[in-house]
Structures are given as C-alpha cells and as structure tokens.
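*Asks:* Sharing a structure here in structure tokens format.
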Amino acid sequence: MPSERRLGLVLLFIRLTIFLVMAVWTVDKFINPSHAAHVFDAYYGLGEVGHVLVLLVGGIESLILLAFVAGLFKTWTYGFVVVVHGVSTLAAWAQYLDPFAGPNLLFFAAWPMWAAAIALFVLRDYDRYTLN
0 MPSERRLGLV LLFIRLTIFL VMAVWTVDKF INPSHAAHVF DAYYGLGEVG
50 HVLVLLVGGI ESLILLAFVA GLFKTWTYGF VVVVHGVSTL AAWAQYLDPF
100 AGPNLLFFAA WPMWAAAIAL FVLRDYDRYT LN
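Just so we're aligned, residue 0 is where the sequence shown starts under numbering that gives the first Met the number 0, counting upward by one.
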C-alpha cells in the first residue's frame with residue numbers, strides 16, 4: 000500500500016493535469032466563443048447558443064475550476080469535474096463508432112481522463128495537498 004504522502008502527491012498531479020485540460024477548454028470559451036457554440040450544437044444539440052451564454056458558462060466554469068485546482072469544496076468541485084467531463088466524453092459517442100476517421104482517435108483520450116477524475120473523486124479524502 001502506498002504511503003499517504005505518495006498517494007497525496009499522485010492525487011495532486013492528477014488534479015493539476017485535469018485542471019490543465021479543463022482550463023484550456025474553458026479559456027477557449029473566452030478566446031473563441033464561436034467554437035464553443037459550435038461544440039454545444041454539434042455534441043449537445045443545443046442549437047443557437049449565443050456568445051453571451053458561452054461567456055457566462057465560461058465564467059462559472061472558471062470559478063469552479065479555480066476551486067477545484069485549489070482542492071476546495073472537494074465533493075462539489077471534484078464531482079462537477081466528473082459530471083462535466085463524463086457528459087462531454089459520452090456526448091462524443093459517434094466518434095467512438097468510427098475511431099480511424101479523421102481525428103476521432105483523439106476522442107479516446109477522454110476515457111482515461113474521466114477514469115482519473117473518478118479516482119480523484121473517490122480518493123478525495125486522501126488528497127491532502129490543497130488549500131482546504
């Protein structure tokens with residue numbers, strides 16, 4: 000069984016790397032809201048999502064992700080990451096049916112990240128390198 004110190008370091012690394020990916024997705028909402036609106040339409044069927052709504056979602060995501068990376072409100076912020084990443088992973092179901100077409104193979108990287116987010120959520124009490 001790994002020491003709690005080593006486990007804590009691994010969980011910190013998982014949290015930081017998940018944050019990195021999700022932060023880039025969030026920043027995309029501010030830099031290129033048209034792209035985010037297209038993603039909302041193509042993968043979630045939300046149609047004409049305006050830039051204001053994309054910016055609002057990006058703002059809310061930013062606050063939650065900052066709390067997540069700080070290790071605050073673990074049940075809620077870690078749970079948010081599990082749910083949001085899970086929904087985005089499952090929303091890309093069509094890409095998994097034809098993995099060798101275009102960039103579809105890249106979508107498979109979402110699965111281990113989702114597993115890591117779930118592991119972080121389950122082991123959140125051992126994630127001690129936080130501001131909490």
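Where is the CB? At the ideal position from N, CA and C, for every residue including glycine.
May I have the straight-line CA-CA distance separating His34 from Val81, to the nearest angstrom?
*Replies:* Numbered from 1 along the sequence shown, position 35 holds the residue referred to as residue 34. Numbered from 1 along the sequence shown, position 82 holds the residue referred to as residue 81. In a straight line, the C-alpha of His34 is about 23 Å away from that of Val81.
*Asks:* Asn103 to Ala91, Cα distance in whole Å?
*Replies:* For the purposes of this step, residue 103 is taken as the residue at position 104 of the sequence shown. For the purposes of this step, residue 91 is taken as the residue at position 92 of the sequence shown. Their backbone Cα atoms lie some 9 Å apart in a straight line.
*Asks:* Given a threshold of 16 other Cβ atoms within 10 Å of its Cβ, counted over all protein chains shown, does Ile30 qualify as buried or as exposed?
*Replies:* If you number the sequence shown from 1, residue 30 lands on position 31. The residue in question, Ile30, is exposed, as its Cβ has fewer than 16 Cβ neighbours within 10 Å.
*Asks:* Can you find at least 3 beta carbon pairs, one from the segment 9-21 and one from the segment 60-71, that sit closer than 8 Å?
*Replies:* yes
*Asks:* Between which two residues does the alpha helix (DSSP H) carrying Leu119 extend?
*Replies:* The residue given as residue 119 occupies position 120 in the sequence shown. Unbroken alpha helix (DSSP H) run through Leu119: 109-121.
*Asks:* Name the residue from Trp75, Glu60, Val51 whose alpha carbon lies nearest to the alpha carbon of Val23.
*Replies:* Counting from one through the sequence shown, the residue named residue 23 turns up at place 24. Closest option to Val23, Cα to Cα, is Glu60.
*Asks:* Near Gly46, what residues of its chain come up, given a Cβ to Cβ distance below 7 Å and the 5 sequence neighbours on each side ignored?
*Replies:* For the purposes of this step, residue 46 is taken as the residue at position 47 of the sequence shown. Counting only Cβ-Cβ distances below 7 Å, and skipping sequence neighbours, we find Asp40.
*Asks:* Is the beta carbon of Tyr125 closer than 8 Å to that of Gly7?
*Replies:* Translated into the one-based positions of the sequence shown, residue 7 becomes position 8. Translated into the one-based positions of the sequence shown, residue 125 becomes position 126. The answer is yes: Cβ separation under 8 Å.
*Asks:* Beta-carbon within less than 7 Å of Gly78's beta-carbon, same chain only, minus the 5 sequence neighbours each way: which residues are those?
*Replies:* Stepping through the sequence shown from its first residue, residue 78 is reached at position 79. Answer for Gly78: Phe120, listed in chain order.
*Asks:* What alpha helix (DSSP H) runs, 4 residues minimum, are completely inside the segment 68-97?
*Replies:* At a cut-off of 4 residues, the continuous stretches assigned as alpha helix (DSSP H) that sit fully inside the segment 68-97 are 73-90, 92-96.
*Asks:* Kindly indicate which three-state DSSP category Asn131 falls into: helix, strand or coil?
*Replies:* Residue numbering aside, residue 131 sits at position 132 when the sequence shown is read from its first letter. Of the three classes helix, strand and coil, the one that applies to Asn131 here is coil, per DSSP.
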